[in-house]
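Remarks on the structure that follows.
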Amino acid sequence: MHLDQHQLNTINSWLQQRSLLDPEEAILSAEKAGEGNMNYTLRIKSNLRSFILKQARPYVEKYPSIAAPVERAAMEAAFFKAAAQWEGVEEMLPRLLYFAPDDHLQMIEDLGAGADFTTFYQQKGPIPAEELASLLQFLRALHQQSRETPPKDKFQNRAMRELNHFHIFDFPFQSDNGLNLDGIQEGLQALAQHTIFQQAGLHEKTMALGLRYLADGDTLLHGDFFPGSWLRTERGVFVIDPEFCFQGDAEFDLGVCLAHLCFCGMEWAAAAGILQEQYGVFDVALCQDFAAVEILRRIYGVGQLPLSMSIVEKEALTLLAIRQLVS
């Protein structure tokens, strides 16, 4: 099935054929569920309940010109199934209700009214300490328990990692990549020219880190642990969208988190200190290297954030990240 919010009869028939609806249940409406980049996601409302249908298509939903592996749906479904056994992880994830591999489509629990944490990019106020602690405890539990009780499935997620590798570690640092940075923010192209494109050894360092990212490890990662994957609801904080999951270095998840705490207005040293306090022992230098690359790729790459930062503020973060990588 090609999921389409305007084709309620098709959705209804698909669900009925798989015995996913009660006999007296009927679909009333379908609406976009959030503004995710990767997938086509609908909130389905029936006369009895609501739930989420999420389909992976062979391209990035927000950028249809960018091809993306449909196998990401199966990886996400496998993540939900594996995590169901781990205390401290399962309760902060939505429940997977059904997965149709041929349609690359998941039926997922609807967590109800809520919003992700991307509003903190504009607020530049601290994420509430209790909520941030919950998120970091989730990450610690995921990493620790996946090592202690390894999942049966191997989470290599090779195709998604190769896609991510290109857009994180390579593309933003190519001076001839064709991305119109001034179309994102006036003055950003000039900033890139006299910082990241002129910095000797920077692209070599990011590519070396990229090889570390591509290497397999023994720790299951969320793979995209940033405010867009953190959901605030009336039931508490949840973590969603683990389609980039893989087994690798815990420091990648931690580094992405560190970078986005900085985007939300937290000082680098303070954010790193909170990670150490709440998470525990990890390779701080590797975490900070991954964080630096994440900062640069979010400023100069395709995966733009809803930031309200001036060019001067972006320059300060750029120079901080470069010092971390090539000092």
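In my numbering, the protein residues as written are 2 to 328.
Heads up, the beta-carbon is just placed ideally off N, CA and C, and yes, glycines get one too.
Is the Cβ of GLU278 closer than 8 Å to any Cβ of chain B? No chain B appears in the structure shown, which is made up of a single protein chain.
Secondary structure, beta strand (DSSP E): runs of 3+ residues fully inside the segment 8–52: 28–33, 41–47
Write down the C-beta distance between GLN157 and PHE247 rounded to the nearest angstrom, noting that I regard them as a contact closer than 8 Å. 6 Å
Identify which residue in LEU4, ILE300, ILE275 has its Cα closest to the Cα of LEU137. ILE275
Residues near ASN13 by beta carbon distance below 6 Å, same chain, minus five either side: ILE28
Alpha carbon to alpha carbon, what distance is there between GLY256 and GLU278? 15 Å
Nearest to VAL238 by alpha carbon, out of GLN194, PHE80, PHE139? PHE139
THR196 - DSSP class collapsed to helix/strand/coil: coil
Nearest neighbour of LEU112, chosen from PHE198, GLY35, LEU262 [CA to CA]: GLY35
So for TYR122, helix, strand or coil by DSSP? helix
Cβ pair HIS261, PHE227 closer than 8 Å: yes
If you reduce the DSSP assignment to three classes, tell me which class TRP87 lands in. coil
Could you pull out every unbroken alpha helix (DSSP H) segment of at least 4 residues lying fully inside the segment 226–281, listed in chain order? 251–264, 269–280
Do you know how far the Cα of PHE52 is from the Cα of PRO152? 27 Å
Quick check: the segment 120–128 against the segment 188–207, are at least 3 beta-carbon pairs closer than 8 Å? no
Which class does LEU112 belong to by DSSP, given the choice of helix, strand or coil? coil
What does the Cβ neighbour count give for HIS223, buried or exposed, with the cut at 16 atoms within 10 Å? buried
Alpha carbons only, please: which of GLY211, GLY281, PHE172 is nearest the one belonging to TYR301? PHE172
According to DSSP, is LYS82 part of a helix, a strand, or is it coil? helix
Between which two residues does the alpha helix (DSSP H) harbouring ALA322 extend? 312–327
Selection from ILE296, LEU21, PRO24, MET208 that minimises the alpha carbon distance to LEU320: ILE296
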